[in-house]
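Note that the protein sequences, when read in sequence, are chains A and B. The C-terminal residue of the first sequence carries number 211 in the working numbering, and the numbering is unbroken. The C-terminal residue of the second sequence carries number 422 in the working numbering, and the numbering is unbroken. Cβ coordinates follow ideal geometry from the N, Cα and C atoms, glycine included.
2 protein chains.
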Amino acid sequence: MSTEARNTEQKIIASARMVFHQKGLKGARMQDIAKEAGINQALLHYYFRTKDKLFHQVFEEDLFRFMSPLATIMSKTGIDLETRISQIVEYYVEGLTESPNLPLFIVQELTSNPDRLVSIMQKIKQDNLSGNRQVMQNFIYQIEEGIREGKYKKIDPVQFIVSLIGMCVYPFIARPLLKEVFQMDEDQLHQLLIQRKEEVTNYAFSILLKP
Amino acid sequence: MSTEARNTEQKIIASARMVFHQKGLKGARMQDIAKEAGINQALLHYYFRTKDKLFHQVFEEDLFRFMSPLATIMSKTGIDLETRISQIVEYYVEGLTESPNLPLFIVQELTSNPDRLVSIMQKIKQDNLSGNRQVMQNFIYQIEEGIREGKYKKIDPVQFIVSLIGMCVYPFIARPLLKEVFQMDEDQLHQLLIQRKEEVTNYAFSILLKP
DNA sequence: GTCTATAAGCTGATAGAC
DNA sequence: GTCTATCAGCTTATAGAC
Chain A
1 MSTEARNTEQ
11 KIIASARMVF
21 HQKGLKGARM
31 QDIAKEAGIN
41 QALLHYYFRT
51 KDKLFHQVFE
61 EDLFRFMSPL
71 ATIMSKTGID
81 LETRISQIVE
91 YYVEGLTESP
101 NLPLFIVQEL
111 TSNPDRLVSI
121 MQKIKQDNLS
131 GNRQVMQNFI
141 YQIEEGIREG
151 KYKKIDPVQF
161 IVSLIGMCVY
171 PFIARPLLKE
181 VFQMDEDQLH
191 QLLIQRKEEV
201 TNYAFSILLK
211 P
Chain B
212 MSTEARNTEQ
222 KIIASARMVF
232 HQKGLKGARM
242 QDIAKEAGIN
252 QALLHYYFRT
262 KDKLFHQVFE
272 EDLFRFMSPL
282 ATIMSKTGID
292 LETRISQIVE
302 YYVEGLTESP
312 NLPLFIVQEL
322 TSNPDRLVSI
332 MQKIKQDNLS
342 GNRQVMQNFI
352 YQIEEGIREG
362 KYKKIDPVQF
372 IVSLIGMCVY
382 PFIARPLLKE
392 VFQMDEDQLH
402 QLLIQRKEEV
412 TNYAFSILLK
422 P
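#1: Quick one: residues in its chain with C-beta nearer than 7 angstroms to the C-beta of Q87(A), no 5 flanking neighbours on either side, listed in chain order?
#2: What is the rounded straight-line gap between the Cα of P211(A) and the Cα of P422(B)?
#3: Should E174(B) go down as buried or exposed, given a rule of 16 or more other Cβ atoms within 10 Å for buried?
#4: Which residues in the same chain have their Cβ closer than 6 angstroms to the Cβ of R196(A), if we skip the five residues on either side of it in sequence?
#5: Our contact map puts T201(A) next to I85(A) with C-beta atoms below 8 angstroms; I'd like the distance itself, whole angstroms only.
#6: Check whether the stretch 24–32 of chain A touches the stretch 223–242 of chain B, taking contact to mean three or more Cβ pairs, one atom from each stretch, closer than 8 angstroms.
#7: Is it the case that the Cβ atoms of L307(B) and F383(B) are separated by a distance below 7 angstroms?
#8: Would S206(A) pass as an interface residue toward chain B - the criterion being a Cβ-Cβ separation below 7 angstroms?
#9: Roughly how many angstroms separate the alpha carbons of L315(B) and A248(B), rounded to a whole number?
#10: Going along chain B, which residues have a C-beta under 7 angstroms from P176(A)?
#11: Are the CB atoms of Y302(B) and H163(A) within a distance shorter than 7 angstroms?
#12: Which residues in chain B have a C-beta closer than 9 angstroms to the C-beta of Q92(A)? List them in chain order.
#13: In chain order, what residues of the same chain lie with their CB nearer than 8 angstroms to the CB of T8(A), ignoring the 5 residues before and after it?
#14: Fully enclosed by the stretch 322–397 of chain B, which alpha helix (DSSP H) runs are 4 residues long or longer?
#15: CA-CA distance, K262(B) and E82(A)?
#16: Using a Cβ cut-off of 9 angstroms, pull out every chain A residue sitting near K234(B), in sequence order please.
#17: Can you tell me where the alpha helix (DSSP H) with L44(A) in it begins and where it stops?
#18: Pull up the CB-CB distance for L419(B) and I366(B), whole angstroms please, since I reckon it's below 8 angstroms.
#19: Would you kindly report the start and end of the unbroken alpha helix (DSSP H) that includes G27(A)?
#20: Determine, for G377(B), whether the minimum Cβ-Cβ distance to residues of chain A falls below 7 angstroms.
#21: When you compare each of I33(A), T77(A), K76(A) to L58(A) by their alpha carbons, which one comes out closest?
#22: For the alpha helix (DSSP H) containing L68(A), name the first residue and the last one.
#23: Name the one or two DSSP bridge partners that L102(A) has.
#24: Would the beta-carbon of H45(A) fall within 7 angstroms of that of N101(A)?
#25: For G357(B), I'd like the list of residues in its chain whose CB is within less than 7 angstroms of its CB, leaving aside the five on either flank, ordered along the chain.
Rendered as structure tokens:
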């Protein structure tokens, strides 16, 4: 494979990602991707024989990017829960600022084809050297331990985790709604997201810690 | 308009809603909608001349259903903040159980075409006899007042509201992800959603109320 | 109002020259 | 590897009979 080929290939993937994120699998046009990459449709098919193959490559990488850090943070050892929570919030709120459409894209495509998830999950699990279930159960166990010690309130660990991720991810998913409801422009929304990191971390501690 | 016509029309809208919720605007096929309604494509076009018109009718109603109760609850007078919060959580967690795909559908289509929002928002505002901004500012003011009185923690009202809605809506949006990550079947997920009402209400109070 | 048959347009994919 | 030209299939939309 020549250098030129790798360049073109990478350019295509980057363009495809942009278009897929904006329009989804069904809404994206091969013509748009080609144009964005500065090539024509025939060359696009030369590199990736079908739209599905191209999509799969983009999506797999995206899902991995979205899920893997979470699994990594959760499976780290020798780290207290407060730090773990801060890192999760930090990853999502900071990391997603660069790819604000990522969460909606993933959830959208996963809903219309849930089968995709299974195979990709395998890789994430392998990367973290343990089954995903174990990763979660480790994190859950740490919460339960804190509750037993009387340090945390008596909450449901799963509900807590869902809430934590929800608080981080929702503003990215519901961006157009927020802009309209709170009458914000792009700049104000950006400000909200920056400040959100600290705010959500505090909320999580409020939920968890006994007064 | 004959009785038959109203029946067929309603049947079409119900079928269209089902298909649009599952596949989105781009993914939905007029053929699927017709089949679901037990008619053929020509009759579909007889009632709604284009796919876009049919979609718009469904979407407008859905967005109204999704947003209006929130605006109504928020603009109610003579009601304390705790009750207001309980009602919001109740509406979303209970109400959305019947249309679990509604939030993702709305956010998805709104992202790919944000212009839709503006015109529909007008109607919602009119229905609640006040500008949406006023509704929100009323709610925000109530929070600020509690903070001044020393009853609530010093939080950002907008961040709080976004978090509250996020905690309610996120599990519906991320359903396939939750099922895989927590290894749940449809029944367990349903249980989680039922219990969620009380849990999220408590979380909101934990965030808000001073110890 | 409801149907069958068909037109018109778009989109992914390929053939073949360079 | 990259291009132009074109095909084949699908999907929306319409014509016209009943």
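Let me lay it out:
#1: I73, listed in sequence order.
#2: A direct Cα-Cα distance of roughly 6 angstroms separates P211(A) from P422(B).
#3: Since the first and last residues shown for chain B are 212 and 422, residue 174(B) lies out of range.
#4: Within its own chain, the residues whose Cβ lies closer than 6 angstroms to the Cβ of R196(A), once the five positions on either side in sequence are excluded, are V93, listed in chain order.
#5: Contact between T201(A) and I85(A) holds, with the beta-carbon distance rounding to 7 angstroms and staying under 8 angstroms.
#6: A contact exists between the stretch 24–32 of chain A and the stretch 223–242 of chain B.
#7: Yes.
#8: Among the residues facing chain B, S206(A) is included, as its CB has a counterpart in that chain under 7 angstroms away.
#9: Just so you know, the alpha carbons of L315(B) and A248(B) end up roughly 23 angstroms apart.
#10: Listed by position along chain B, the residues whose Cβ is nearer than 7 angstroms to that of P176(A) are L321, T322, P325, L328.
#11: The amino acid at residue 163(A) is misidentified as His; the sequence shows Ser. No; because the gap between Cβ atoms is not below 7 angstroms, this pair is not in contact.
#12: Per the sequence shown, the amino acid found at residue 92(A) is Tyr instead of Gln. None at all; the shortest Cβ gap to chain B is about 12 angstroms.
#13: If the five residues before and after T8(A) are omitted, its C-beta is found closer than 8 angstroms to the C-beta atoms of A37, I39, L43, Y47, all from its own chain and listed in chain order.
#14: Listed in chain order, they are 326–338, 343–359, 368–384, 386–392.
#15: Using only the alpha carbons, I get a separation of about 51 angstroms.
#16: Those are K26, S112, listed as they occur along chain A.
#17: From DSSP, the alpha helix (DSSP H) with L44(A) extends over 41–47.
#18: That belief holds up - the Cβ atoms of L419(B) and I366(B) are roughly 7 angstroms apart, short of 8 angstroms.
#19: According to the DSSP assignment, G27(A) belongs to the alpha helix (DSSP H) that extends over 3–27.
#20: Closer than 7 angstroms: yes.
#21: Looking at the sequence itself, residue 58(A) is Val, so the reference to Leu does not match. Put simply, of I33(A), T77(A), K76(A) the residue whose alpha carbon is nearest the alpha carbon of V58(A) is I33(A).
#22: Correcting the residue type first, residue 68(A) is Ser in the shown sequence and not Leu. S68(A): member of the alpha helix (DSSP H) spanning 51–75, first to last residue.
#23: For L102(A), DSSP assigns no beta-bridge partner whatsoever.
#24: For the 7 angstroms CB-CB criterion, H45(A) and N101(A) do not form a contact.
#25: Once the five neighbours on either side are set aside, the close Cβ partners of G357(B) are L292, Y363.
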